[in-house]
Amino acid sequence: MHVGSAILIAAALALALPQAAQAQQAPPVPELSLDVAVLQGLDKVTAHVVTIEAPVGRPVHFGTLEIIARACKKRRPEENPESAAFLDVWELRQNQPAQSLFRGWMFASSPALSAMEHPVYDIRVLDCEK
């Protein structure tokens, strides 16, 4: 065998081995979609903290806020822990039209990443449950 042929074979094997290893890796594990977003509400004026169970698709109320969880996802137990909820938050005031305050994903592990801005209330995601 020529030195040139040996180099070509070695190069082909070097390129093929990483691809074979990647093919044997397990596919990514999908997240769990759950039915209830567990939220924490804080009234900044009274320092009152409550736990709110928000069933997906049904409105819940905290003070003047109406919160609708549109989705709640949680990583499987074998992965790094994370829960995230897609929320719509509205402020309802008497004799005024509802005002949209927040629409988007909130993450339990990073509450400041996508926080709702409000002078009186804070809402954060704690978990997702069945």
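If you read the sequence shown in my numbering, its first letter stands for residue 46, the second for the next number, and so on. The beta carbon of each residue, even a glycine, is placed where N, CA and C say it ideally should be.
- Under 8 angstroms by Cβ, that's how I've got L84 and Y166 pegged, so tell me the actual separation to the nearest angstrom. Actually they do not touch by this definition, with Cβ atoms about 11 angstroms apart.
- Message: Please identify the residue among S145, S154, T109 whose C-alpha is closest to the C-alpha of Q139.
- Response: T109
- Message: Can you tell me which residues form a DSSP beta bridge with H163?
- Response: DSSP, once it has assigned bridges, lists no residue as partnering H163.
- Look at the Cβ atom of H44, then the Cβ atom of L137, and state whether they are nearer than 8 angstroms. Look at the range of the chain in this structure, 46 to 175, and you will see that residue 44 is not part of it.
- Message: Given this structure, state the Cα-to-Cα distance separating R120 from K89, to the nearest angstrom.
- Response: 31 angstroms
- Whether L171 touches K118 by CB criterion (8 angstroms): no
- Extent of the continuous beta strand (DSSP E) to which Q144 belongs: 144-152
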